[in-house]
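**Q**
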Amino acid sequence: MPQHLIRKLEQFTRLCHEDRCALVETANQRPRLYGAHQDIIREGDTPEHVNLILDGWACRYKTLENGRRQIISFFMPGDLCDPHIFVLRAMDHSIGAITSVRLAEISRAAMMRLTDRHPRVTRALWWETLVTAAVQREWTVNLGQRTALERLAHLLCELFIRLRAVGLTDGDSCLLPVTQVDLGDATGLSNVHVNRVLQELRAAGQIALKGKRLTIPDLEALQDVALFNPNYLHLDREGRHLDANQTVEHTPG
C-alpha cells in the first residue's frame with residue numbers, strides 16, 4: 000500500500016477516493032524486493048520504469064573513477080525515484096538500497112495512465128518534483144557554505160521532518176538506518192569527522208542515537224544549530240486550494 004506516497008501528495012492537494020484507489024492500483028502491479036546495499040539501477044542503464052519506495056531506505060549516488068561516492072539524496076517510504084525518468088536514454092546516476100527495500104516498479108504506460116486520468120495526482124506530482132529540486136538546492140548550500148556541525152545537523156533536521164510528514168516518526172524520535180559512512184558521503188565529510196560531530200551533538204544534548212534510532216529532544220534548538228529553515232520542503236500546504244471537490248478542467252489532447 001502506497002500510504003506514505005498518498006500522505007505526501009496530500010500535503011500539496013486534496014486527493015479524492017478515486018485518486019487514492021488509482022495510486023494503490025498503480026503501486027500494486029509490479030512489486031520488487033532488493034537486499035541492503037544492492038543496486039536498484041546503475042549509471043548507464045536504460046530506465047524502463049519509475050521506482051516507488053514502499054518500505055526501506057535507498058539513495059541516489061554518483062561514483063568517481065577512483066571509487067569515491069557522493070550521495071546526492073536519500074529516498075524513504077513514499078518517495079518516487081525520478082518520476083520523469085523516461086526522458087533519459089541512460090541513467091546519469093545510480094540508485095542503491097541502503098536497507099532491504101520493497102518498491103513498486105511503475106511502467107511508462109501506467110504512469111501516463113495515472114497522470115492522464117487523475118489531474119489532481121498530476122498537480123501533486125508537480126509539487127513533489129519542485130520540492131525535490133528545492134532539496135537539491137539546499138544540499139548544494141549545505142556542501143558549499145555550512146560548517147561540518149551545521150551540515151550534519153541540517154541533514155538530520157531534514158530527514159526527521161520528511162519522515163514526520165509521512166507519519167514515520169514517534170514523538171521526537173525516528174528510525175535512522177543510515178551509517179556514518181552514508182552520512183559522510185552525503186555531507187562531504189570523512190567517517191572520522193562525522194563521528195566527531197555526532198559526539199559533539201550528543202554531548203550538547205541536541206540528539207540521542209541508540210542503535211538505528213534518532214531522538215531529537217528539541218527540534219527547534221537543533222534547527223538553530225543547523226541554520227535550518229524548513230521553507231524549502233513546502234510543508235505549509237501551499238496547494239490547499241487544489242481541492243478534490245473542485246471541478247478540474249482537462250486539457251484537450
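Counting in numbering that gives the first Met the number 0, the sequence shown runs from 0 upward without gaps. From the three backbone atoms N, C-alpha and C, an ideal C-beta is built for every residue, glycine too.
#1: Helix, strand or coil for L232? Go by DSSP, reduced to three states.
#2: So, for T25: in the same chain, excluding its five sequence neighbours on each side, which residues have a beta-carbon less than 7 Å away from its beta-carbon?
#3: What residues match up with G66 in a beta bridge as DSSP calls it?
#4: Using DSSP's beta-bridge definition, name the partner residues of G149.
#5: By a C-beta neighbour count over all protein chains shown, 10 Å radius and 16 as the cutoff for buried, is P216 buried or exposed?
#6: Can you tell me whether T178 sits near the ligand MG, meaning its C-beta is under 7 Å from at least one heavy atom of the ligand?
#7: Would you report the Cα separation of H153 and T214, rounded to the nearest angstrom?
#8: Apart from the five residues on each side of it in sequence, which residues of its chain come closer than 8 Å, Cβ to Cβ, to K211?
#9: Would you mind working out which of H36, Q2, R31 sits nearest S21, comparing C-alpha positions?
#10: Taking DSSP as the reference, what is the three-state secondary structure of C156?
#11: My output table needs one value for I5: the three-state DSSP class, helix, strand or coil.
#12: Among R29, P46, I70, which one has its Cα closest to the Cα of L53?
#13: Could you tell me the distance, in whole angstroms, from the CA atom of R119 to the CA atom of P82?
#14: Is the beta carbon of L188 sitting closer than 8 Å to the one on A147?
#15: Exposed or buried, L87, counting other C-beta atoms within 10 Å across all chains shown (16 or more means buried)?
#16: Take N194 and list the residues in its own chain whose beta-carbon comes closer than 7 Å to its own, dropping the five residues that flank it on each side.
#17: When the Cβ atoms of the segment 119–131 are set against those of the segment 87–97, are three or more pairs found closer than 8 Å?
#18: Note down the Cα distance separating I206 from L79, rounded to an integer number of angstroms.
#19: Any idea if T186 is buried or exposed, counting beta-carbon neighbours within 10 angstroms, 16 or more meaning buried?
#20: Do T45 and R122 count as a contact pair if the criterion is CB distance below 8 Å?
#21: With a CB to CB cut of under 6 Å and the five nearest residues on each side skipped, what residues in its chain are close to T62?
**A** Inspection of the coordinates gives the following:
#1: The answer is helix: DSSP assigns L232 an H, G or I state.
#2: Correct list, in chain order: I105, A109, L113.
#3: In DSSP, G66 forms no bridge with anything.
#4: Rather than Gly, the amino acid found at residue 149 in this sequence is Glu. Per the DSSP secondary-structure output, E149 pairs with nothing in a beta bridge.
#5: Of the residues assessed, P216 falls on the exposed side of the cut-off, its CB having fewer than 16 other CB atoms within 10 angstroms.
#6: Among the components of this structure there are no ligands whatsoever, and the ligand MG is therefore not found.
#7: Computed Cα separation, rounded: 14 Å.
#8: Excluding positions up to five away in sequence, the list reads L174, L175, P176.
#9: The sequence shown places Ala at residue 21, not Ser. Put simply, of H36, Q2, R31 the residue whose alpha carbon is nearest the alpha carbon of A21 is Q2.
#10: Helix, per DSSP.
#11: Taken through DSSP and simplified to helix, strand or coil, I5 comes out as helix.
#12: Answer by Cα proximity: R29.
#13: C-alpha separation (whole angstroms): 16 Å.
#14: Taking 8 Å as the Cβ cut-off, L188 and A147 qualify as a contacting pair.
#15: Exposed is the call here.
#16: Cβ neighbours of N194 beyond the five flanking positions: Q179.
#17: No: fewer than three Cβ pairs fall under 8 Å.
#18: So the two alpha carbons sit approximately 29 Å from each other.
#19: By the Cβ-count criterion, T186 is buried, with 16 or more other Cβ atoms from all chains shown falling within 10 Å of its own Cβ.
#20: Not closer than 8 Å, so no.
#21: The residues are R68.
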